[in-house]
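Undergrad: Structure incoming, see below.
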Amino acid sequence: MKLYVDTASKQVQVTKDPEPKNDQNGNQRSEKNTGRLMWSTQVFVLDETGGEIITITTAGEKPNVTVGQLVAVEQLEAIPWATNGRNGVAFRAITLKPKAGTSAAK
């Protein structure tokens, strides 16, 4: 089952430029089925209940977003995980794109 997060009523702002998603050896990870390179982008998500910083993984071309930009997130998926007594939620999206004509710096 896939768990998607509705981002329509949320403000998503880039807080760290996209970086290669690397494995424990420092090599950039690639998507299993397609071989597309994976990227990690840290964002701040704000809604009426407050805000949270999360890291979103995308595959393919490096997202063309920069710190401070408000972005549109296509199909944000929450992926619960548990390993060696640790657990959390990973986030994956199809794309991160700048919202037209928006910037947090005003």
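Numbering (the UniProt record's numbering), first residue to last: 1 to 106. Glycine is no exception: its CB is placed at the ideal position from the N, C-alpha and C atoms.
Measure the CB-CB distance between Thr95 and Thr58 and report whether it falls below 9 angstroms.
TA: For Thr95 and Thr58, yes; Cβs fall inside 9 angstroms.
Undergrad: Rank Thr34, Lys21, Gly26 and Glu52 by C-alpha distance to the C-alpha of Gln13 and give the top, closest one.
TA: Closest option to Gln13, Cα to Cα, is Glu52.
Undergrad: Is it a yes or a no for the segment 23-37 touching the segment 79-90, going by three-plus beta-carbon pairs under 8 angstroms?
TA: Taking 8 angstroms as the limit for Cβ pairs, the verdict is that the segment 79-90 does not touch the segment 23-37.
Undergrad: With distances taken Cα to Cα, identify the nearest neighbour of Gln69 among Thr49, Val5 and Pro18.
TA: Taking only the C-alpha atoms, the option nearest Gln69 is Pro18.
Undergrad: Which class does Pro20 belong to by DSSP, given the choice of helix, strand or coil?
TA: Of the three classes helix, strand and coil, the one that applies to Pro20 here is strand, per DSSP.
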